[in-house]
Amino acid sequence: MGAAYHIVQDVLSGYNGTVFAYGQTSSGKTHTMEGIFGENDKQGIIPRMVQDIFNHIYNMDADLEFHIKVSYFEIYNEKIRDLLDVTKMNLAIHEDKNRVPYVKGATERFVSSPEEVMATIDEGKNNRHVAVTNMNEHSSRSHSVFLIQVKQENTATQKKLTGKLYLVDLAGSEKVSKTGAEGQVLEEAKNINKSLSALGNVIAALAEGTKSHVPYRDSKLTRILQESLGGNSRTTIVICCSPASSNEAETKSTLMFGQRAKTIKNVVVVNEELTAEEWKRRYEREKDKVARLKQQLMAAEMELNRWRKGEKIPESEWVNLLEGGVLNLQLAPGSETLSPSVSESVLGSLDRSISVAQVPLLTSAIGAITDADRKKYEEERAQLYQQLDEKDDEITLHSQMAEQLKQQMNEQEELIKQIKLDYENAQAEVQRIQGENEASKEESKEVLTALEELAMNYDMKTQEAEQKSRENDQLSSMLRDLSEVGPNYANAAKYNFENINEKPFDEELFAHTRICISKLSADFKSTLQKLKQHEIDEQKLKESMECNRKRRIDRLEITDPFCFTFWVEYDLKVSNLESGSGDVTQRLETTEKELTECRLQLQQNEVKNKTLQETIAEQEKIKRQLEEQASLQELQVVKERLQSDYDKLKAEEGEREKRIKELSGLSEKREQAKSDLK
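Numbering (my numbering), first residue to last: 191 to 868.
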């Protein structure tokens, strides 16, 4: 807390401030900067500084009006990503009119309370990239920068001050052998180590103090922190080390980084917007200074001329050039006192100014550079910086286009994968259908052969059915004739039809049966006539017998022997007639049996008719199979259509690959242009 407390006062006084934590992964940088929100004892630097800013504002003069806005972004894989608006990716770094770098297009939110600031930080933290490694469960995979801009205006004097506070949480340097990073996490580790290496190079160059070029542009992290590292900013670096013996090398490297950074001295000035009166006072002050310097110049020229003429000038008459020069320090415009933190920097710069020899003016091979040349060079440099900004805009635009195209490519690749999968499934389905089609063709051939056989059998069965129908008609007529014979007339000994169902149809047997039935019918008719005649005779005999009985009785009364003899003969005739009636009954039973056999023959005909119906059902089944074959042909048409669609998709894929190659060429040109500009 003590390391960053004074920076809050400097920011509210119009100076820039920066606080960032440096160290290896899992050394506690994020915990130091953020801590645990909501717990006062466990809060980190960021929530404490936010609370201190508002506490100072509440205790300051009532005439001061404050406007506070915040931004939150991260540097992930050397791309600046807005954490408050995830749609803004790969933002560009530009320079303002004072050559101060800033992130163009970053979301800025105005806040009025610590709660709003903390809510903004929570929102950004949810969008930040983190991952799990062997050394940390929540390892930061990006450098996060939380920017607080405090603009204050004195309503009484119209004085305006602006202060910027950068709160940076760096990702830690990693050893792959310890973290076990692989895949995407490994790529992130490479970019993290690269940016931290660039930061170390900048610190080393600034600490050495003799190098004319400081490689700020080697990384976007150092580009954003350019003012914080050797510029107009009060910077505090928190060194986070691990006490574990296994991290001894990393801890030593971190401490050496802090030692080098400690030697860097920044010169800070107030970010003030001057009013017209202040500009006027400054103009008068500078005008007096110019007049005084002109007098000193004239005195120095006169002294020089005297020296050139060989005149010896006593030391008491020498012109004192330090009057109004380095020792004649003036306060910053519009400020009467220096803050404690700023005074230390100013005094340090003063010591260096006195001890270091005067830097010679810019010269060329032919002599000192004139003001016109210097102005020309400044204009050219400004144009080059403007061209750099334009190229940065183009690079940003191309990067955004590349991101969009990459996203579209990923979507198209997913679509192509899905289409390929669908095509493979369709191809497998087509192959299966082709196999089924081939099998169906074989089955169709067999079915056609069977159909031909069935057609021939059908014709034969039709002819047989017609013949059976005629025979059935004949049998029906015979049955009608036999129905007149009666149910009890049959002769099993003469007509044996046992096991008729097991014997095939015999034309000769059928003709013999028909002749037998005709004979039986004729015999039955003749027997029926005889039976009727016998019944008549029997009735007559009964009447005669009744009469004779009466007569016999009458004659027996007189005991006539002749009548007795006649009566005996009459009894013999009656017995003969009764025996003839028994023969007729036996013939009727035989006829009944033959009738039963004819009925069995009819049942056989019904079985054959049923077989004919089954044949018709098989023909219907074959017809359905033919319809299925037609549907298979339709599937073949569908397959051809799918093949044409696949050819179209393949052509589109070729066009996309061609477009990707063109974009790759543009990207290479862009990288070449970028390297040329560097």
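Note that CB positions come from ideal geometry on N, CA and C, so glycine has one too.
> At which residue ranges does the segment 201 to 244 contain complete beta strand (DSSP E) runs of 3 or more residues, listed in the order of the chain?
Replying inline: Runs found: 207 to 213.
>> Assuming residue 262 is part of the beta strand (DSSP E), what are its boundary residues?
In response: On the sequence shown, position 72 is the one that residue 262 refers to. It spans 254 to 266 - the beta strand (DSSP E) in which residue 262 sits, taken as one unbroken run.
>> Run through the DSSP bridge pairs and tell me what residue 827 is partnered with.
In response: The residue given as residue 827 occupies position 637 in the sequence shown. DSSP output for residue 827 lists no bridge partner at all.
> What are the residues that DSSP puts in a beta bridge with residue 430?
Replying inline: Your numbering for residue 430 matches position 240 in the sequence shown. DSSP lists 213 as partners of residue 430.
>> Within a Cβ cutoff of 6 Å, which residues of the same chain sit near residue 623, ignoring the five residues on either side of it in sequence?
In response: As a first step, residue 623 must be located in the sequence shown, where it is residue number 433. Answer for residue 623: 825, listed in chain order.
> For the alpha helix (DSSP H) that residue 335 lies in, which residues bound it at each end?
Replying inline: Start at 1 with the first residue of the sequence shown, and residue 335 comes out as number 145. Following the DSSP letters along the chain, one finds residue 335 in no alpha helix (DSSP H) but inside the beta strand (DSSP E) bounded by residues 333 to 344.
>> Which same chain residues end up closer than 6 Å to residue 465 when comparing Cβ atoms and leaving out the 5 residues on each side of it in sequence?
In response: Along the sequence shown, one-based indexing puts residue 465 at 275. So the list reads 348, once near-sequence residues are dropped.
> For residue 282, which residues does DSSP report across the bridge?
Replying inline: The residue labelled residue 282 in the question sits at position 92 within the sequence shown. According to DSSP, which records beta bridges pairwise, residue 282 is partnered with 294.
> What's the C-alpha gap between residue 712 and residue 655?
Replying inline: Start at 1 with the first residue of the sequence shown, and residue 712 comes out as number 522. Start at 1 with the first residue of the sequence shown, and residue 655 comes out as number 465. Approximately 30 Å between the Cα atoms of the pair.
> Below 9 Å between beta carbons: does that hold for residue 630 and residue 280?
Replying inline: Locating residue 630 in the sequence shown gives position 440, where the first residue counts as 1. Locating residue 280 in the sequence shown gives position 90, where the first residue counts as 1. Not a contact, by the Cβ cut-off of 9 Å.
> Since residue 270 is in the beta strand (DSSP E), which residue starts that stretch and which ends it?
Replying inline: Position 80 of the sequence shown holds residue 270. Per DSSP, residue 270 belongs to the beta strand (DSSP E) from 269 to 272.
> Within this structure, are the beta carbons of residue 313 and residue 274 separated by less than 9 Å?
Replying inline: Counting from 1 along the sequence shown, the entry for residue 313 is found at position 123. Counting from 1 along the sequence shown, the entry for residue 274 is found at position 84. The Cβ atoms of residue 313 and residue 274 lie closer than 9 Å to each other.
> What three-state label does DSSP hand residue 459 in the structure shown?
Replying inline: In the sequence shown, counting from the first residue as 1, residue 459 sits at position 269. Coil at residue 459, not helix or strand.
> For the 8 Å Cβ check, are there 3 or more pairs between the segment 379 to 396 and the segment 407 to 426?
Replying inline: A contact exists between the segment 379 to 396 and the segment 407 to 426.
> DSSP state of residue 496, grouped into three classes?
Replying inline: The residue given as residue 496 occupies position 306 in the sequence shown. Looking at residue 496 - three-state DSSP - the assignment turns out to be helix.
> Looking only at C-alpha atoms, which of 308, 263 and 407 sits nearest to residue 875?
Replying inline: The structure shown does not extend to residue 875, since the chain spans only 191 to 868, so no value can be given for it.
> Is DSSP giving residue 553 helix, strand or coil here?
Replying inline: Working through the sequence shown from its first residue, we reach residue 553 at position 363. In this prediction, residue 553 has a pLDDT of 45, which is less than 50 and means its spatial position is unreliable; nothing more can be read from the coordinates.
>> Looking only at its chain, what residues have a beta carbon closer than 6 Å to the beta carbon of residue 448, apart from the 5 residues adjacent to it on each side?
In response: One-based indexing of the sequence shown puts residue 448 at position 258. The beta carbon of residue 448 sits closer than 6 Å to those of 429, all from its chain and outside the five residues before and after it, given in chain order.
> Of the choices 653, 283 and 265, whose alpha-carbon is the least far from that of residue 580?
Replying inline: The sequence position of residue 580 within the sequence shown is 390, counting from 1. Ranking the options by Cα distance to residue 580, first place goes to 283.
> For residue 535, which three-state DSSP category applies?
Replying inline: Residue 535 sits at position 345 when you count from the first residue of the sequence shown. Residue placement at residue 535 is flagged as unreliable, the pLDDT there being 43, under the threshold of 50; the coordinate-derived value follows with that caveat. Residue 535 falls in the helix class under three-state DSSP.
>> Tell me whether residue 605, by its Cβ, gets closer than 8 Å to a heavy atom of the ligand GTP.
In response: For the ligand GTP, the structure offers nothing, since it holds no ligand at all.
>> Using 8 Å for Cβ pairs, my map puts residue 461 next to residue 206. What's the rounded Cβ distance?
In response: Position 271 of the sequence shown, counting from 1, holds the residue named residue 461. Position 16 of the sequence shown, counting from 1, holds the residue named residue 206. Confirmed, Cβ separation roughly 7 Å.
> Measuring CB to CB, does residue 425 end up less than 9 Å from residue 456?
Replying inline: Your numbering for residue 425 matches position 235 in the sequence shown. Your numbering for residue 456 matches position 266 in the sequence shown. Going by C-beta atoms, residue 425 is nearer than 9 Å to residue 456.
> For residue 362, which of helix, strand or coil comes out of DSSP?
Replying inline: The residue labelled residue 362 in the question sits at position 172 within the sequence shown. Correct three-state label for residue 362: coil.
> When we look at the beta-carbon of residue 223 and count the other beta-carbons within 10 Å, is it buried (16 or more) or exposed?
Replying inline: Position 33 of the sequence shown holds residue 223. Under this definition residue 223 is a buried residue.
>> Spatial neighbours of residue 326 within its chain, please: C-beta separation below 7 Å, excluding the five flanking residues on both sides.
In response: Stepping through the sequence shown from its first residue, residue 326 is reached at position 136. Per-residue confidence for residue 326 stands at a pLDDT of 47, beneath the threshold of 50, marking its modelled position as unreliable; the derived number appears in the next sentence. Excluding sequence neighbours, residue 326 sits near 215 and 216.
>> Buried or exposed, going by whether 16 or more other CB atoms sit within 10 Å of the CB of residue 883?
In response: Past the edges of the chain, shown from 191 to 868, lies residue 883, and the structure says nothing about it.
>> Could you compute how far the alpha carbon of residue 298 sits from the alpha carbon of residue 244?
In response: The residue labelled residue 298 in the question sits at position 108 within the sequence shown. The residue labelled residue 244 in the question sits at position 54 within the sequence shown. So the two alpha carbons sit approximately 18 Å from each other.
> To the nearest angstrom, how far is it from the Cα of residue 641 to the Cα of residue 658?
Replying inline: Residue 641 sits at position 451 when you count from the first residue of the sequence shown. Residue 658 sits at position 468 when you count from the first residue of the sequence shown. Each residue's alpha carbon lies about 24 Å from the other.
> Would you report the Cα separation of residue 291 and residue 199, rounded to the nearest angstrom?
Replying inline: Residue 291 sits at position 101 when you count from the first residue of the sequence shown. Residue 199 sits at position 9 when you count from the first residue of the sequence shown. Each residue's alpha carbon lies about 23 Å from the other.
> For residue 392, which residues does DSSP report across the bridge?
Replying inline: As a first step, residue 392 must be located in the sequence shown, where it is residue number 202. In the DSSP output, where bridge partners are listed per residue, residue 392 has none listed.
>> If contact is defined by three or more beta carbon pairs under 8 Å, each pair taking one atom from either stretch, is the segment 467 to 481 in contact with the segment 434 to 450?
In response: Segments in contact, no.
> Between the Cα of residue 336 and the Cα atoms of 294, 268, 395 and 261, which residue gives the shortest distance?
Replying inline: Here residue 336 refers to the residue found at position 146 of the sequence shown. When each option's Cα is compared against that of residue 336, the closest is 261.
>> Can you find the residues in the same chain that come closer than 8 Å, C-beta to C-beta, to residue 592, ignoring five residues on each side of it along the sequence?
In response: To locate residue 592, count along the sequence shown from 1; it is residue 402. Hits under 8 Å: 853 and 857.
> Roughly how many angstroms separate the alpha carbons of residue 869 and residue 496, rounded to a whole number?
Replying inline: Because the chain here runs from 191 to 868, residue 869 falls outside it and cannot be looked at.
>> Quick check on the DSSP output: the beta strand (DSSP E) that includes residue 289 runs from which residue to which?
In response: To locate residue 289, count along the sequence shown from 1; it is residue 99. No beta strand (DSSP E) contains residue 289, which DSSP labels as neither H nor E.
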